[in-house]
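These notes concern the structure reproduced below.
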Amino acid sequence: MMAQMVLRRLGIGFIMLIVVSIIVFIGTSILPGDVAQIILGQSATPETLAALRAQLGTDQPLYIQYLSWLGNMMTGDLGISKAGGATIASLIGGRLGNTMMMAGIVSAIAIPLSVALGLWAAMHPGTWLDRIITFCTLSLISVPEFFIATILVLVLAVELHWLPSTAYLSGDETFWQLMKSLAMPLITLVIVVSAQMIRMTRAGILNVMSSPYIEMAILKGVPRRRIILRHAFFNAIGPIVNVIALNLAYLVSGVVIVETIFAYPGLAKLMIDGVQTRDLPLVQACAMIFSGTYVALILVADVASILSNPRLRQPK
Amino acid sequence: MKDKKSVSGELGFSDLDSHHQALVEKILRKKRGGDYSRRDALKLMMATGVTAATASNLFVTGGQAMAQTPKKGGSVRFASSLHGPDDQLDPPKFTSTIDYTRGRATYNSLVQHANDLTPQPELAESFEPNADATEWTFKLRKDVTWHDGSPFTADDVVYSMSRHQGEDSTSVIKSVMASVDEWKKVGPHEVKAILNTPNADLAVLLGMFQNKVVKDGTTGDGIGTGPYTMESFEPGVKSVHKRNENYWRDGSNLDAIEITGITDPVARVNAVIAGDMDLVSLIEPKAFRQVEAAGNVTLLSAPAALQVGICILLNTAPGNNPDFVKGMQFIQDRERIVNKLLKGKGTIGNDTPISVAHGTDFCSELPQREFDPDKAKFHFKKAGISTAELFVAPVAPGIEDVSLLAQANAAKIGFDLKIKKVPTDGYWGAVWMKEPMNAVTWNMRPTANSQMAIQFAPGAEWNDTYWNNDRMGELLSLSLAETDSDKRHAMYCEMQTLIHEGSGMVIPAFSNINDAVANNIMGIPKVPLGQIGGCEWPEFIWLA
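Chains as they are written, first to last, in the numbering used here: chain A, 24 to 339; chain H, 114 to 657.
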């Protein structure tokens, strides 16, 4: 039953990836200018453009370019960057590691922190503590991340000199130095993703708290803390896990602004660079990684919510 | 120290403590070539309590101290304003500051530019044209080796230079180097360039970023003859360069250079002020105050011919009406643009692409076109045009503000100038040379001739205002063969006058090249062709 569902979802996920790759391919192609024009920029002449297009193979019809990309992709060959000439695998390799490291550390801090704070707020609704948490999370959700990042840089790097202003990795730093270089983007991202997860945890639990069986438990005199941890939390886990999954996916694919401000070499920035140079194979490879991450994380979230809630296992 | 003081009777630079030495250095470095002023002397007198005569002595001895032999050792980090997966090590494909800088660290050219753009020997120990400048002979150095140990020979030069020619060439400077027909090996250390038209400026062109020499048969794999060897290179992330211990001349003072990019302008300024970076390129006008207020960094501002320009296409409406062009030229409040929009870090333009930075070929005799709303109104009225649309992307410093200022001034005389803001992304293919009126900039070229030829030669590929003037074409080739300096200047003046009067270019101002570097970096060259001394710094800087 469960295995069947997972397999079916994987199948749908695969078809979705193909559809996404077609959409991304077409989308990048209809932008004005092609890779040859972007590389040569202001110094393009019809002659050099034609020569470069022939060298890069971009003078072929679009569908042939797409099919040859798809064919290579299936055999595990990501291709060569049209703009720079490096292999896509080498471009992505280190950056994928950087992105995963950042996402990993942020979620290791942010998930326990937000679930704990959300639970705490839900245990004491209406108290000053709850109001402070609600006020802070709502304010932080409304503030764009580049603002938080810039304020942090101004205070912690430029004024106080406590932390470096960029997340520059020289490759041979100790663990402590690494943490120091990463501190600023980490703080920014923890703030950004936590706010949403805290809100969702609090709301999810309070929602369950209004259901009849909780009322029953209250009437039977079960302590509030026990009600929440034993009964409410597991029933609220579905929406919470989904929000966590979406935030994790965002950490992998959507942190381009934080990457730019802290000059952190991650994947999101690479994809934007790829779009700007109309580097189709590079954009495609990044898009596949991002869509794949979404598909996988949402699958995990669904499995988790089914496991935590037996009712979902029975088809209606 | 003590007796030195008693001999001269004056306090010298070496007598100061490190704090005051830094102060003197800062003032001297700010001037960068110019003399110190009375205000500087006053500043120093206030800070140290010395007399005016002593202050002046401090500057002299300080300047000498700074010109001292470079120290070896240390390493620096440089952040450029742009980088990405398209970063290059292959010179003919170089397009951005980060490529040029890596090129300078890794390779050498035949010829390099002095600060005044005169050609100096580099890999070529001598270079000479024949009498009519149709053939150039280059004698190469014999003591140069590649980073892999193999000797540098004429084959490498012929191979590298020929890559800018031929049908398959995708070189960025193919059209600039079009006057060369063939590169010929004469001996193991001698090559000849055979030209199809006389070109007395060829040596200067050979100093361009894309003319770096690579090893025979390679396409930029990072093996060069330059002052630093390539340790690692990740496009869009960073590169690490280590001192080349076998460099063929004195240079490469640092142990290592790391080159990266920070695309966000605010983050870039913060990084250099916070000390995370030692050099950063491209500081925007709105950050000047922040950089100048920080005590640990110096704002470098070098006059250059970086156009803040507007192209009006002459082959279509409204540009096909000469009065419309005149109206657009007279509506530019040039002084305000330089003083307010560029915060004084720029020079006033005269609707020609040649600026004082081009040296003797600049025509200072040409009367300056002033801001004159009445004349603009007259010309717009005569043209019978009361509205037009200008396409603007942030391609040049301040160009968006320049357009808005023109719009405001045009509104005062009843002319409706519409501004259409478009992204830089894809701009050169989709907007430039296509929309009737668009923002433009050009990198400064090393010679006035190449600067004008690229944009104003009749029928040139990038004649972006579609202005075809036969006399202009004639003068462009005549001036290249002219060796008499007075006659040459007269020709260049005539060309600038033709452009000023007839072309569709509006060039109200030139932006300086603005960068920021840490105070302890010494020996930065002043070549005006690119960021931070024309990207020539890797070979020359040292840490105080």
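Even glycine gets a Cβ: it sits at the ideal position worked out from N, Cα and C.
Under the three-state reduction of DSSP, which class applies to residue i: helix, strand or coil?
| i | result |
| --- | --- |
| Ala306(H) | strand |
| Ala244(H) | coil |
| Arg145(H) | Unreliable placement is indicated for Arg145(H), whose pLDDT of 45 sits below 50; the coordinate value is still reported in the next sentence. Coil at Arg145(H), not helix or strand. |
| Leu427(H) | coil |
| Ile41(A) | helix |
| Asp199(H) | coil |
| Ser193(H) | strand |
| Ser282(H) | coil |
| Ala594(H) | helix |
| Ala415(H) | strand |
| Ser188(H) | strand |
| Trp361(H) | coil |
| Leu642(H) | coil |
| Thr578(H) | coil |
| Asp514(H) | helix |
| Glu397(H) | coil |
| Gln225(H) | strand |
Kindly list, in the order they appear in chain A, the residues whose Cβ is closer than 9 Å to that of residue i.
| i | result |
| --- | --- |
| Trp545(H) | Gln65 |
| Trp541(H) | Gly56, Gln60, Ile61, Leu63, Gly64, Gln65, Ser66 and Ala67 |
| Glu344(H) | The contacting residues do not exist; Glu344(H) stays about 10 Å from chain A at best. |
Can you tell which of the options has its C-alpha closest to the C-alpha of residue i?
| i | options | result |
| --- | --- | --- |
| Ser233(A) | Val42(A), Gly315(A) and His254(A) | His254(A) |
| Leu454(H) | Asp391(H), Pro311(H) and Ala519(H) | Ala519(H) |
| Leu303(A) | Arg32(A), Leu63(A), Leu33(A) and Val47(A) | Val47(A) |
| Asp269(H) | Asp245(H), Gln233(H) and Ile336(H) | Ile336(H) |
| Gly262(H) | Ala400(H), Thr338(H) and Asp485(H) | Thr338(H) |
| Ser328(A) | Ile267(A), Leu40(A), Leu63(A) and Ser276(A) | Ile267(A) |
| Cys648(H) | Tyr220(H), Ser188(H) and Gly197(H) | Tyr220(H) |
| Val293(H) | Gly279(H), Ala570(H), Pro510(H) and Arg190(H) | Gly279(H) |
| Glu168(A) | Met39(A), Leu54(A) and Ile280(A) | Ile280(A) |
| Asn562(H) | Trp361(H), Lys298(H), Gly187(H) and Glu595(H) | Glu595(H) |
| Met4(A) | Val326(A), Leu54(A) and Asn332(A) | Since the first residue of chain A shown is 24 and the last is 339, residue 4(A) is not available in this structure. |
| Ala316(H) | Ile372(H), Ala246(H) and Phe207(H) | Ala246(H) |
| Ile307(H) | Thr331(H), Glu241(H) and Ser365(H) | Glu241(H) |
| His196(H) | Pro205(H), Asp212(H) and Gly186(H) | Asp212(H) |
| Val264(A) | Gly244(A), Arg222(A), Thr283(A) and Thr197(A) | Arg222(A) |
| Leu229(A) | Ala144(A), Ala272(A) and Arg154(A) | Ala144(A) |
Apart from the five residues just before and just after residue i, which ones in its own chain have a Cβ nearer than 6 Å to its Cβ?
| i | result |
| --- | --- |
| Ile620(H) | Gln420, Gly422, Gly462 and Asp464 |
| Arg145(H) | Its pLDDT being 45, under 50, Arg145(H) is placed unreliably in this model, and the value from its coordinates should be taken loosely. So no residue of the chain qualifies. |
| Asn324(H) | Ser222 |
| Gln609(H) | Thr465, Ile467, Cys476 and Leu479 |
| Asn258(A) | Val231 |
| Arg32(A) | Leu322 |
| Ser394(H) | Ser193, Ser194, Thr210, Asp628, Gln644 and Ile645 |
Specify, as a first and last residue, the run of the beta strand (DSSP E) that residue i falls within.
| i | result |
| --- | --- |
| Trp92(A) | Counting along the chain, Trp92(A) falls outside any beta strand (DSSP E), though it belongs to the alpha helix (DSSP H) covering Leu85 to Met97. |
| Asn625(H) | Met618 to Ala631 |
| Trp296(H) | Val293 to Gly300 |
| Tyr341(H) | Tyr341 to Glu347 |
| Ser263(H) | Run containing Ser263(H): none; DSSP gives neither H nor E here. |
Which residues of chain H have a Cβ atom closer than 8 Å to the Cβ of residue i, listed in chain order?
| i | result |
| --- | --- |
| Asp296(A) | Gly197, Pro198, Asp199 and Gly349 |
Just to confirm my understanding: we take residue i, look at its own chain, exclude 5 residues before and 5 after, and list those with CB closer than 7 Å. What are they?
| i | result |
| --- | --- |
| Arg118(A) | Pro288, Gly289, Leu290 and Leu293 |
| Ala54(H) | Examination of residue 54(H) is not possible in this model, given that chain H is present from 114 through 657 alone. |
| Cys309(A) | Leu290, Leu293, Met294 and Gly297 |
| Lys105(A) | Val58, Leu79, Thr81, Asp302, Leu303 and Pro304 |
| Tyr191(A) | Ser204 and Ala286 |
| Glu607(H) | Leu588 |
| Phe207(H) | Gln201, Tyr213, Gly216, Val285, Phe322 and Gln323 |
Taking Cβ-Cβ distances shorter than 7 Å, what residues in chain A pair up with residue i?
| i | result |
| --- | --- |
| Asn383(H) | Val176, Ala180, Val181 and Ser188 |
| Glu574(H) | Thr68 |
Which chain H residues sit within Cβ distance under 7 Å of residue i?
| i | result |
| --- | --- |
| Asp302(A) | Pro198 |
| Gln200(A) | Within chain H, no residue comes near Gln200(A); the closest Cβ sits about 13 Å away, beyond 7 Å. |
Provide the residue span of the alpha helix (DSSP H) that contains residue i, from first to last.
| i | result |
| --- | --- |
| Glu652(H) | Trp650 to Phe653 |
| Glu168(A) | Glu168 to Leu175 |
| Pro549(H) | Looking at the DSSP string, Pro549(H) is not in any alpha helix (DSSP H), and its letter there is neither H nor E. |
| Arg301(A) | Arg301(A) -> no alpha helix (DSSP H), and no H or E assigned at all. |
In its own chain, which residues sit with a C-beta less than 8 Å from the C-beta of residue i, not counting the 5 before and 5 after it?
| i | result |
| --- | --- |
| Ile237(A) | Val231, Ile250, His254 and Ala255 |
Under 8 Å Cβ-Cβ, which residues of chain A neighbour residue i?
| i | result |
| --- | --- |
| Ile375(H) | Thr189 and Ala286 |
| Lys695(H) | Because residue 695(H) is not part of the residues shown, which for chain H are 114 to 657, the question remains open. |
Applying a beta-carbon distance threshold of less than 8 Å, which residues of chain C neighbour residue i?
| i | result |
| --- | --- |
| Leu75(A) | Of the chains in the structure shown, none is chain C; the protein chains are A and H. |
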